[in-house]
Each structure stands twice: as C-alpha cells, then as structure tokens.
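Take a look at the structure set out below.
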Amino acid sequence: MGQLQDAAKLYNRGIREYCTSHKHIIQMLMNWIEVTVHLKQWQHLDPLIVQADRALLEAVEVENVAATSTSRPGPRAVNSTLSATRNMKKLITTSTAKVIAVSALSHLNSKNYRQVAKKCLKIEFDSFDCPTLLAAKDIVMFGTICALATFDRSELKKNVLENEVFRKFLEAEPKYVELVQKFVKSQFGICFDLMDELHDELLLNMYLWMHVKQLYQLIRRRAIVQYFTPYATINMNKMALVFRVTVDELEDELVDLISSGEMCARIDSSRKILYAKSDDQLVFAHNEYVSSHFCHAH
328 MGQLQDAAKL YNRGIREYCT SHKHIIQMLM NWIEVTVHLK QWQHLDPLIV QADRALLEAV
388 EVENVAATST SRPGPRAVNS TLSATRNMKK LITTSTAKVI AVSALSHLNS KNYRQVAKKC
448 LKIEFDSFDC PTLLAAKDIV MFGTICALAT FDRSELKKNV LENEVFRKFL EAEPKYVELV
508 QKFVKSQFGI CFDLMDELHD ELLLNMYLWM HVKQLYQLIR RRAIVQYFTP YATINMNKMA
568 LVFRVTVDEL EDELVDLISS GEMCARIDSS RKILYAKSDD QLVFAHNEYV SSHFCHAH
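Take 328 as the starting number for the sequence shown in this note's numbering and just add one per residue.
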C-alpha cells in the first residue's frame, strides 16, 4: 500500500501550507480520509469528516454566490466558467457521497449500527465513486443488515424498501431486497434461510466480518419480538420450527428477551406455551409488588 503514514503527514501539511482554493482543499481532504481508513486510524477519522463537511458546505456557498453573480463575462470566459462549475459540482457531489460512506464506516467501527444504516440510506448512487475503499455492494450490505438489526418494521418499509435514493443500490442485489421484504412480512423462516445463504458472503467483507455475529443476534432478537407481538399465546414448538432451533434453545432465547425487558411475556415451560402479559396483568403485578413492599415496611 506504500508509505501511508508519511502520506497522511504530507496531506496534513499540504492543506495547511499550500491549499488556497476550495477545490484543492476538498481533493486533499478526500485523499487524507482515504489514507486514514486504510491505516485504520479510526480515532483520527471523525475530525477529518467534520473538516470535510465544513469544506464542502463552504464550497457549495461559494458556488451559489457565483451562480447569482450579475457580472457578464465574454463568450470564452463563459465556456471556461461553465466547465469549471460543472467540474466543481461533480467534485462536491462525489466527495459528499464519499464522506457519508466513510462516516458509515466510522460508525460501524464504533458499533453504532443504527447510524451505519442511516448513513448508507442517504448515499446518492449516481455520485458514489470510492473504488479503492468501498463498492456499491458494501453499501447494500451495511445498509440492509444494520437496518434489520436496528430499525422497526415501519422504518424498514419506509426507509429501506420505499427509499428512492437507496433503491438504485438495491436493484443489483435482489437477495437483500427479498431479505428485508420477508422480515417486514414476518416470514421469518424464509428470512433466516436467506441469512444463512448470505452469511459467508458477509464474513468475507473486510469491514463487516467482525460484526456479523452480533448483527445476526440483534436481527434474531428483533424477529422473535416482532413474530410474537400479534399473539396472546403461542405454541413454542411451532415457533421453534419457524426460527430453525430446538424448543429448548428457543426457550433460552425467550428467557433472555423477557429478562432484558425486550418482551413482555411469561413462559409455561411444562406445556411449552408463551403467554403475552396484558396491561391489566402488568398493573396487577405492579400493585402486588408495591403492596408487598408497603406491608413489609410497616
């Protein structure tokens, strides 16, 4: 990869000492950000992203002022200005997409999976051009898997499946579209079969592989909660078939979800039945708790 540490130092120095135009500052920052990612210096990345956002905002403001200028240059100057404006607009849009994508990587490194999804869903496909860092498929992987792990059903439908911006990324990856569709429809058997199919592919991703296990666990927990939500009672044997596990394994998962407060239910272990706790039951349990403590106190 070359002498990346030296390159990072030179980009830092170059911006401070030699860059005077917005164009040069943005170009240098994009290169510096790329080197920082390759070095895995995540602690230095966020300040660079802030710096890049500021530079891009200033560049947009300058372009807007230039576009409303009342001065009338000659024909040659007009052509030259139009060409420079087009080039600058392209640099701004591609750099903006790159900064958002790199910001998603930074959030992935800190395991802020919801923000990873949010960032990926904002990237403009036609402006995305980071061949030495990320491919379009990476954005699909990060966006869909992190969304499944952290979004509720309505968010998945609106922000992923109905997202015009993200749709262009999804068009080339029908399996990821199907995965989200099945999750939204609560067709979890097919959903987990698809996740098994995609598992090795995700493990081969240089950025995502170390997060796959945790993301799959988060998706599974959300799926179990979502599956049970419409029911007052459910047969755990049937539920275990859907989630591709034994009844005992499912029971362990349910106990964990109930203990953590993610599910409001109780288990009849002998009959293998899961019961939803109604609001009345919760109020009764709360009153019993308060009453018993009050009596003990007096």
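C-beta atoms are modelled at their ideal positions from N, C-alpha and C, and glycine is treated no differently. No experiment lies behind these values; they were computed from the predicted model shown.
Cross-strand partners of residue i (DSSP beta bridge)
| i | result |
| --- | --- |
| Y503 | Answer is none; Y503 lacks a bridge partner. |
| T560 | Y602 |
Bounding residues of the beta strand (DSSP E) (the contiguous stretch that carries residue i)
| i | result |
| --- | --- |
| A592 | A592 to D595 |
Anticipated Cβ contact below 8 Å, residue i with residue j, distance rounded
| i | j | result |
| --- | --- | --- |
| Y534 | A603 | With 8 Å as the limit, Y534 and A603 do not qualify as a contact, their Cβ atoms being about 39 Å apart. |
| I561 | E580 | About 14 Å; that fails the 8 Å criterion. |
| N439 | W369 | Contact doesn't hold; Cβ gap of about 12 Å is too wide. |
| A569 | G516 | Checking the sequence, you will find Val at residue 569 rather than Ala. Sure, about 5 Å apart at Cβ, within 8 Å. |
| Y554 | S513 | 6 Å |
| A477 | A431 | In the sequence under discussion, the amino acid at residue 477 is Thr, which differs from the Ala named in the question. Not really, about 13 Å apart at Cβ, beyond 8 Å. |
| I600 | V582 | Actually they do not touch by this definition, with Cβ atoms about 14 Å apart. |
| V429 | I472 | Not a contact, Cβ separation roughly 18 Å. |
| H349 | A386 | 4 Å |
As assigned by DSSP and simplified to three states, the class of residue i
| i | result |
| --- | --- |
| G588 | coil |
| M533 | coil |
| V572 | coil |
| T412 | helix |
| F455 | coil |
| I517 | helix |
| E489 | coil |
| L461 | coil |
| Q508 | helix |
| T420 | helix |
| F611 | Since pLDDT at F611 reaches only 42, below the 50 mark, its modelled position is unreliable, and the value read off the structure follows with that caveat. Looking at F611 - three-state DSSP - the assignment turns out to be helix. |
| E580 | helix |
| S437 | coil |
| E498 | coil |
| T395 | coil |
| I427 | helix |
| Q294 | This structure cannot settle anything about residue 294, because the visible part of the chain is limited to 328 through 625. |
| Q370 | helix |
| I450 | coil |
| Q330 | coil |
Distance between residue j and residue i (C-alpha atoms, nearest Å)
| i | j | result |
| --- | --- | --- |
| L483 | F493 | 12 Å |
| I353 | D453 | 19 Å |
| V392 | C518 | 51 Å |
| L529 | D520 | 14 Å |
| L488 | A474 | 11 Å |
| K540 | D479 | 20 Å |
| E361 | E524 | 32 Å |
| K449 | R598 | 48 Å |
| L409 | A462 | 31 Å |
| E491 | S596 | 46 Å |
| H351 | Q378 | 14 Å |
| N614 | S605 | Confidence at N614 is low in this model, with a pLDDT of 47, below 50, so its placement is unreliable and the value that follows should be read with caution. Roughly 14 Å separates the two Cα atoms. |
| I427 | D373 | 11 Å |
| H371 | K485 | 34 Å |
| L506 | H538 | 18 Å |
| G470 | L383 | 24 Å |
| D465 | T421 | 17 Å |
| L531 | V389 | 43 Å |
| M522 | L545 | 13 Å |
| F611 | C591 | Any reading at F611 must be qualified, since the residue scores a pLDDT of 42, below 50, and its modelled position is unreliable; the value itself is stated next. If I take the Cα positions, the gap works out to 14 Å. |
| V574 | T363 | 47 Å |
| L418 | Q330 | 26 Å |
| M355 | W536 | 30 Å |
| M468 | Y503 | 8 Å |
| R413 | Q442 | 31 Å |
| F496 | Q508 | 16 Å |
| K446 | D456 | 16 Å |
| T268 | G588 | Nothing can be reported for residue 268: it is not among the residues displayed for the chain, which extend from 328 to 625. |
Endpoints, alpha helix (DSSP H) assigned at residue i
| i | result |
| --- | --- |
| F478 | Element bounds for F478: n/a, residue is neither H nor E. |
| H365 | H349 to H365 |
| V539 | V539 to F555 |
| Q442 | Y440 to C447 |
Residue i: CB within 7 Å of a non-hydrogen atom of the ligand FAD
| i | result |
| --- | --- |
| S481 | Absence of the ligand FAD from the depicted structure is noted, as is the absence of any ligand whatsoever, leaving it without description. |
Minimum Cβ-Cβ distance from residue i to chain B less than 8 Å
| i | result |
| --- | --- |
| D453 | The chain labelled as chain B is not found in the depicted structure, where only one protein chain is given. |
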